[in-house]
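In the order they appear, the protein sequences are chains A and B. Sequential numbering of the first sequence, starting at 0, is according to numbering that gives the first Met the number 0. Sequential numbering of the second sequence, starting at 0, is according to numbering that gives the first Met the number 0. Have a look at the structure below before the remarks.
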Amino acid sequence: MSLREAFRVAIKALVGNRLRSALTTLGVLIGVLSVVLLVAIGQGAREEITGAIEGLGSNLLFVLPGDGDFGAAPARSEFTLEDVEAIDRELPGAEGRVAGSVIGGEPLQADGQRIVTTINGVTASYLEVVTREVSRGQAFGASDVATSRRVTLLGAGVADELFPGIDPIGRTVTIGSIRFRVVGVMQRVGGAAFGPDRDREVYLPVTSAQRLFGTGRIDAIFVRAGSTDTVAQDRTIIERVMEQRLAPDEFSVLSQDDIIGVVGDILQILTLVLAAIAGISLLVGGVGVSNIMLVSVSERTREIGLRKALGARTRDITRQFLLEAMVLTSLGGAIGLAGGIGLAQLVARFLPIPARVTWWSIALALGVSIGVGLIFGVLPARRAGRLDPVTALRHD
Amino acid sequence: MSSSSTPTLLQAVEVTRTYTLGRDVQVPALRGVSFRVDHGDSVAIIGSSGSGKSTLLNLLGALDRPTTGQVFYDGRDVQDRSDAELAQLRNRRIGFVFQSFHLLPRLTAVDNVVLPLVYRPGSTRDRRARAIDALTSVGLGDRLDHRPTELSGGQQQRVAMARALVTEPALILADEPTGNLDTRTGDEVMGLLEALHRERGTALVVITHEREIAARADRRIELRDGVIVGDDAGPGIAADGSANGHVAIGDEAGSP
């Protein structure tokens with residue numbers, strides 16, 4: 000029997016049992032749909048987060064507490080402002096390349112509005128180092144830090160919430176129980192689905208924040224290298240300075256690439272885990288196909304016997320049933336793919352979750368669905384092909 | 000076909016077939032059967048249930064292989080042929096007509112008749128044309144697109160006959176072709192089979208337990224308990240139904 004003829008027979012058999020074919024297809028459809036959708040979400044998240052890190056600038060170095068093992072529990076920071084100053088002293092070139100920050104959470108109140116958000120205590124050079132801009136008013140300077148002035152810069156989102164329709168400059172917000180004067184509003188960064196929303200950050204002079212939090216520590220030190228070429232050189236200097244001041248496992252120096260690498264790896268694993276979970280549903284769909292094909296073979300035993308009597312070879316019968324299984328699964332795969340892409344676009348549009356359909360997830364989903372038909376169709380198809388015509392004809 | 004030049008179409012030589020049931024239970028269904036069918040022969044194989052006639056049908060139809068002995072088709076033993084070669088033999092040389100018709104219920108009459116043709120090369124259009132010819136020749140030219148459930152028993156069996164003759168086989172193997180039909184319809188079906196045999200020279204082997212059906216064949220082979228107990232083969236039999244062999248078979252009818 001020609002492939003074309005076998006294809007026609009397969010389609011006819013499937014159309015002849017529409018409801019069952021549709022239900023069987025549904026299993027594969029849902030599997031493929033979830034693979035495409037979940038991988039799209041995982042991939043979207045990965046791109047957004049690495050994009051956010053890249054947005055900080057490519058020649059940024061981070062000094063973080065702990066030995067840099069992201070798998071371990073977050074380390075307690077042993078850094079102080081003196082470490083920031085020591086690095087600043089040792090690095091060659093212009094000043095203002097080193098910044099420190101301390102992070103805490105305190106409720107914010109103004110005009111009866113109350114929100115809880117991240118409070119960043121930063122050195123005067125911070126905005127320059129991480130390339131953030133003030134859109135209205137002005138940033139605080141070194142003298143504000145030196146005197147622990149009670150001034151604050153609000154993220155654009157925070158300003159909107161606390162002072163809707165009002166110019167916040169010169170107004171007062173209460174953080175914890177201390178009153179701060181708003182000196183500036185940050186430029187809007189834009190929404191982020193993952194990680195902290197940077198429009199909801201609030202900046203204080205680092206010394207004021209330390210007093211507010213009742214601590215002397217610094218959580219992270221940021222260094223902007225002179226250029227991309229001097230990143231390695233600066234890193235060596237920073238490591239030497241820190242080694243003199245702290246134990247080797249109390250700090251680690253990371254470049255932007257290091258962080259993107261680590262975060263990217265984590266997100267890649269996350270994506271794969273999502274894909275694997277979705278893959279399980281695809282597998283279940285495949286088992287469903289296998290099951291239904293076995294039922295179909297047993298129901299059509301007489302047909303198989305007849306076809307054999309009329310001259311069908313084992314190969315013809317096997318091919319017919321294999322083709323049937325593959326038509327079922329690839330149909331499910333195609334519809335599932337279309338549905339997955341559609342849903343991913345809906346998600347990206349209406350939910351704060353980025354979703355990006357990648358070509359490899361499309362190829363994977365289609366390949367896997369045809370493969371599922373092949374693998375799960377083989378058992379029933381072989382069983383059909385091997386039926387003895389005499390027994391099969393007598394079957395009722 | 001070159002094989003058509005020799006008179007012998009098929010030959011069974013000391014054929015036995017033993018079924019193994021369970022572990023050690025051997026059931027002999029045929030115990031040494033020999034006979035020959037020439038091109039253009041009309042043979043009835045008669046026997047009660049359990050006589051081994053279904054087993055013989057399977058062997059003659061190349062659906063099964065004997066336990067010992069040989070079944071030659073066109074001079075070549077089926078034992079020496081692969082499963083695929085047997086499939087081809089069934090497709091090219093044999094047309095089956097079954098007691099229960101064995102039509103595929105989802106297919107129309109034409110598509111049922113096309114069925115054996117899909118296992119050989121050819122175009123879809125040509126297959127359909129041949130199927131329509133075959134259906135017309137059995138008087139169903141106006142029932143082409145009917146499904147089996149929309150046809151009477153006699154019509155269904157005629158579709159099955161069209162399916163058997165559409166491949167222009169050397170042999171039509173009919174297994175109780177009238178078994179599911181009333182007398183009058185059965186008569187029509189037998190008439191069609193005989194016409195086919197007469198007009199096209201197709202060999203006809205009818206397996207039956209009905210004496211009246213068997214009596215219509217040129218020759219009768221009677222089976223009992225897996226052996227041939229009567230074979231009225233011989234020159235002149237076809238012309239003279241009252242020959243000795245025939246009488247011998249007639250005697251069997253008295254004892255159930």
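All C-beta atoms in this analysis are idealised placements derived from N, C-alpha and C, irrespective of residue type, glycine included.
DSSP lists L203(B) as the bridge partner or partners of S41(B).
Annotation: S329(A) is outside any beta strand (DSSP E); the continuous alpha helix (DSSP H) that includes it extends over T313 to F349.
Here D37(B) has P6, T7, L8 and A202 as same chain residues with Cβ atoms under 8 Å from its own Cβ, once five neighbours each way along the sequence are excluded. Note: V133(A) is bridge-paired with M185(A) in the DSSP secondary-structure output.
Annotation: S151(B) to G278(A) spans about 51 Å, alpha carbon to alpha carbon. Our two residues, N290(A) and E298(A), have alpha carbons roughly 12 Å apart in a direct line. Annotation: Cβ neighbours of T313(A) in chain B (cutoff 9 Å, chain order): D82, A83 and A86. For chain A, the residues of the region 60-82 of chain B that bring a beta carbon within less than 8 Å of one of its beta carbons are G60, L62, D63 and D82, in chain order. For S142(A), the enclosing alpha helix (DSSP H) begins and ends at A141 to A145. A straight line joining the alpha-carbon of G51(B) with that of A362(A) spans about 57 Å. For I171(B), the beta-bridge partners assigned by DSSP are G94(B) and L203(B). Judged by DSSP secondary structure, Q108(A) falls within the beta strand (DSSP E) whose first and last residues are V97 to A109.
Taking 4 residues as the shortest admissible run, the region 6-86 of chain B contains the following complete alpha helix (DSSP H) segments, listed from N- to C-terminal end: 52-59.
Look at the beta carbons and you see the region 101-117 of chain B not touching the region 321-338 of chain A: under three pairs across the two are nearer than 8 Å.
For the C-beta of G15(A), the chain B residues within less than 8 Å are, from N- to C-terminus, R105. Rounded to the nearest whole angstrom, the C-alpha separation of L172(B) and S329(A) is 41 Å.
Taking 9 Å as the threshold, the shortest C-beta distance from P120(B) to chain A falls below it.
Note: L36(A) is not bridge-paired with any residue in the DSSP secondary-structure output. Scanning S134(A), A354(A) and A138(A) for the CA closest to the CA of Y125(A) turns up A138(A). If you ignore the 5 residues before and after A219(A), its C-beta comes within less than 6 Å of the C-beta of L63 and S100, all in its own chain and listed in chain order. A108(B): not part of any beta strand (DSSP E); member of the alpha helix (DSSP H) spanning A108 to V113, first to last residue.
In the structure shown, S251(A) falls within a strand segment according to DSSP collapsed to helix, strand and coil. Look at N119(A) here: in three-state DSSP terms it is strand. DSSP places Y125(A) inside the alpha helix (DSSP H), whose first and last residues are Y125 to V128.
When Cβ-Cβ separations below 9 Å define contact, E302(A) makes contact with chain B. Along the region 87-102 of chain B, the positions whose C-beta sits under 7 Å from a C-beta of chain A are Q87, R89, N90, F95 and H101, read in chain order. L203(B) has a beta carbon lying at 9 Å or more from every beta carbon in chain A. As DSSP reads the structure, T173(A) sits in a beta bridge with Q108(A) and R178(A). For D230(B), the beta-bridge partners assigned by DSSP are I220(B). Looking at I259(A), V8(A) and I236(A), the one whose alpha-carbon comes closest to that of V113(B) is V8(A).
Looking at the backbone, the Cα of G215(A) and that of D198(A) are separated by about 26 Å. Here the region 59-75 of chain B makes no contact with the region 132-148 of chain B; the two share fewer than three CB pairs at distances below 8 Å. Bridge partners of T151(A) according to DSSP: V181(A).
Listed along chain B, the residues sitting closer than 7 Å to V389(A) by beta-carbon distance are N57, L62 and D63.
Out of E4(A), A109(A) and P247(A), the CA that lies nearest to the CA of S176(A) is found in A109(A). Put simply, the region 354-369 of chain A touches the region 38-50 of chain A. At least three CB pairs are less than 8 Å apart.
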